[in-house]
Amino acid sequence: MGFSFLILMLTIATAVASSIDNQIYLLMPHSGSSGHKHSDLNCLSWRLAVETDNLQHWTTVPEACIDYVGHYMLGKQYRQDCDFVAAEAYNYAKGLNLTGDGKDIWVFDIDETTLSNLPYYASDNVAFGAKPYNSTAFNKWVNEATAPAIPASLKLYKKLIKLGIKIVFLTGTRETVREPRAKNLKAVGYTEWEKLILKDNNFHDNSVVYKSGKRKELEEAGYRIRGNMGDQWSDLIGSNPGDRTFKLPDPMYYVG
Ligand SMILES: [Mg+2]
9 MGFSFLILML TIATAVASSI DNQIYLLMPH SGSSGHKHSD LNCLSWRLAV ETDNLQHWTT
69 VPEACIDYVG HYMLGKQYRQ DCDFVAAEAY NYAKGLNLTG DGKDIWVFDI DETTLSNLPY
129 YASDNVAFGA KPYNSTAFNK WVNEATAPAI PASLKLYKKL IKLGIKIVFL TGTRETVREP
189 RAKNLKAVGY TEWEKLILKD NNFHDNSVVY KSGKRKELEE AGYRIRGNMG DQWSDLIGSN
249 PGDRTFKLPD PMYYVG
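First residue of the sequence shown: 9, per this note's numbering; consecutive thereafter.
Take a look at the structure:
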């Protein structure tokens with residue numbers, strides 16, 4: 009009697025445990041890292057921490073997440089995440105009260121915002137950001153001026169111009185690459201702009217200081233920054249951020 013009771017209790021306990029396992033299993037995401045085994049690191053959690061700026065000053069994508077980041081960037085999810093941000097930006101922009109005096113502007117960052125460096129980042133030498141940043145190799149790529157447009161941003165760019173908003177490109181790449189950058193932008197469809205601002209060769213402060221300063225100059229010149237879009241938090245924080253900011257995804261590198 010006692011033994012049978014013990015067996016019954018064990019059976020019930022096992023059934024309860026397995027039912028809890030099933031419930032937990034159902035809660036697991038069916039995309040992202042759930043299909044991959046990582047020792048300790050959950051790459052979806054890592055990416056979320058990156059996108060929310062909870063993780064700062066990281067230098068390379070963790071080795072364990074190279075495949076994860078690669079799949080994300082080359083797959084549908086990245087494109088759809090960009091589409092979502094751009095659609096929301098347009099929803100906001102079309103509701104603006106525009107004056108038509110040519111002073112309403114939209115600030116776009118360039119790298120991973122309007123142009124995509126994925127062909128460069130997908131190479132074995134870069135491994136989606138898992139290899140340390142190599143300025144020589146990256147500058148060579150920038151000078152080739154062959155980066156494709158990010159489709160969602162190009163579509164948004166054209167719609168903003170139709171609304172009467174002027175475009176300002178504000179990038180941390182240097183004045184020395186003005187010509188290839190302009191050539192690249194035009195080649196993929198960004199054919200007009202109010203200003204193309206590149207970083208002075210002698211400027212060595214961080215990105216937040218640099219971009220805040222340039223946005224301040226724009227506002228002092230009478231421009232109204234109605235929207236500001238970038239892939240880095242350093243594009244969007246600091247002073248004079250604009251009326252609204254829009255963050256595009258970028259799990260490949262961090263610019264502080
Ligand atoms: Mg960028």
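Virtual Cβ for every residue (Gly too), placed ideally from N, Cα, C.
For Lys163, the enclosing alpha helix (DSSP H) begins and ends at 159 to 171.
At least one heavy atom of ligand 1 sits closer than 8 Å to the Cβ of Gly238. In the three-state reduction of the DSSP assignment, Asn147 falls in the helix class, which pools H, G and I. Taking all protein chains shown into account, Pro259 has 16 or more neighbouring C-beta atoms within 10 Å of its C-beta and is therefore buried.
Per the C-alpha coordinates, the member of Asp48, Val185, Met81, Leu244 positioned closest to Pro127 is Met81. Scanning Asp75, Glu183, Trp241 for the CA closest to the CA of Val217 turns up Trp241. A distance criterion of 8 Å places the beta-carbon of Thr121 in contact range of ligand 1, judged by its closest non-hydrogen atom.
Of the candidates Gly250, Ser215, Glu71, Gly246, Glu71 places its Cα closest to the Cα of Asp132. Excluding sequence positions up to five before and after Leu49, its CB lies within less than 8 Å of the CB of Pro70, Ala72, Cys73, all in the same chain and listed in chain order.
When the beta-carbon positions are compared, Gly137 and Lys166 stay at least 9 Å from each other.
Ligand 1 has no heavy atom closer than 8 Å to the beta-carbon of Gly78. Secondary structure in the region 177 to 264: the alpha helix (DSSP H) runs of 4 residues or longer, each lying completely within the stretch, are 186 to 195, 215 to 228 in chain order. At the C-beta level, Asp117 and Asp208 stay beyond 9 Å of one another.
Separation of the CB atoms of Trp201 and Ile175 is rounded to 5 Å, and the pair is thereby assigned contact status at 8 Å.
Counting along the chain, Phe136 sits inside no beta strand (DSSP E), nor does DSSP assign it H or E at all. The criterion of a C-beta distance shorter than 9 Å is not satisfied by Ala95 and Ser161. Going by beta carbons, Arg232 and Leu206 fall outside the 9 Å limit.
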